[in-house]
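So the mapping is simple: the working numbering equals the position in the sequence shown, first residue as 1, plus 9. Input: a single structure, listed below in structure tokens.
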Amino acid sequence: MALVNIKWKGKNYCEHHFKIYFIGQIRKLIDRYGVNGRIAVAVSGGKDSAAMLEALTKLKGLELDPFHLNLGIEGYSEMLESVSRDLTRTLDLPLEVINLRKEYGRGIPELIERERGTPCSICGTVKRYLMNRYAYESSADYLATGHNLSDMVTFAFNNLINVQLEFLRGIKPILPADPELKMVSKFRPLYFLRDQETELYATINNIPYLRYRCPFSASAPTLGLKDLVANLEDYHPRALLNLVKSFSRIGDDIKTGNGKIGRCKQCGFATSTTYCRFCRLMK
Ligand code: SF4
Ligand code: ZN
């Protein structure tokens, strides 16, 4: 019985064949880029990273090292940590937890109170920094994150709207490592899968994830854009795939960046300023 229509393929899939399709989209990337070795997998407790981790366990030859960032958002971070623990317990994997408040003295709410910038921009800086740092310090070959195709198109539109063309260079399924700058290769296993597909995969496999939204999400600049992106394939079945292809090509042609990247004087991780934004936030 048909469960879902995959517009870009023009096909209906039953539950069994949808699961094969979903894993196949991840395997395609792993084969194309020769991904192997140790993968630090960022597990947030949301549907995307939960579906990603479960799907990666179905693929052979990968050494998975799941970890979770507890950002100290009262009433929300506890639930995310708890569901992440449920997930890894179900998959029989260990889970490393980094607790922002315990390890650095401040959670996201305290940082938002003190600092200028939107909650999500501060939180984004903290997450990117801690994810890369964990992957680097645990000697991982890759840092896997749950960004999917819908996220990538949303991210690109948001950057176009804000004339931040240099960020289009990041629209890739894999970004290379830079050992000099302590940057681990980034890997996005869900790069070819849409929001609705990861949600369906998580639901039919009974994968534990949290369905509530972050209390700060109302201020996320991309909230409305996500709805727009979700409908683009009604207009053209290959719209999302073709858009990331186009954005990625534009990104390849953009040479100028945000200035020279060096190493933070305090922590030694990559930054374009003397001290990285994470160290400045935590000062
Ligand atoms: Fe952080 Fe914003 Fe996501 Fe909340 S919605 S977890 S503040 S990035
Ligand atoms: Zn630093």
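Here a beta-carbon is modelled for each residue, glycine too, at the ideal position from N, C-alpha and C.
What did DSSP end up calling residue i once you bin it into helix, strand or coil?
i    : result
G20  : The sequence given here places Lys at residue 20; Gly does not occur at that position. Of the three classes helix, strand and coil, the one that applies to K20 here is strand, per DSSP.
H77  : strand
R247 : coil
A51  : strand
T66  : coil
V92  : helix
R286 : helix
E331 : No answer is possible for residue 331: it lies beyond the span of the chain, which begins at 10 and ends at 292.
A239 : helix
V44  : coil
A279 : strand
L100 : coil
R272 : strand
E124 : coil
T134 : helix
A229 : coil
K264 : coil
Y221 : coil
M140 : helix
R115 : coil
K292 : coil
M10  : coil
Mind checking who residue i pairs with in its DSSP beta bridge?
i    : result
V106 : H77
E72  : R47
I15  : K20
Am I right that residue i and residue j are in contact with their C-beta atoms under 8 Å? What's the rounded C-beta distance?
i    : j    : result
S58  : A49  : Contact flag wrong, Cβ pair sits at about 12 Å.
F278 : A165 : In fact, because the Cβ distance is near 25 Å, the residues do not count as touching under 8 Å.
A227 : K56  : Wrong, their Cβ atoms sit about 19 Å apart, outside the cutoff.
S159 : A239 : 7 Å
Discussion item. Extract the residue ranges of the alpha helix (DSSP H) inside the region 142-219, only unbroken runs of 4 or more that lie entirely within it.
Written reply: 158-170 and 204-213
Worksheet item: With distances taken from each beta carbon to the nearest heavy atom of the ligand ZN, which residues come in below 6 Å, in chain order?
Response: C273, Q275, C276, F278, Y284, C285, F287 and C288
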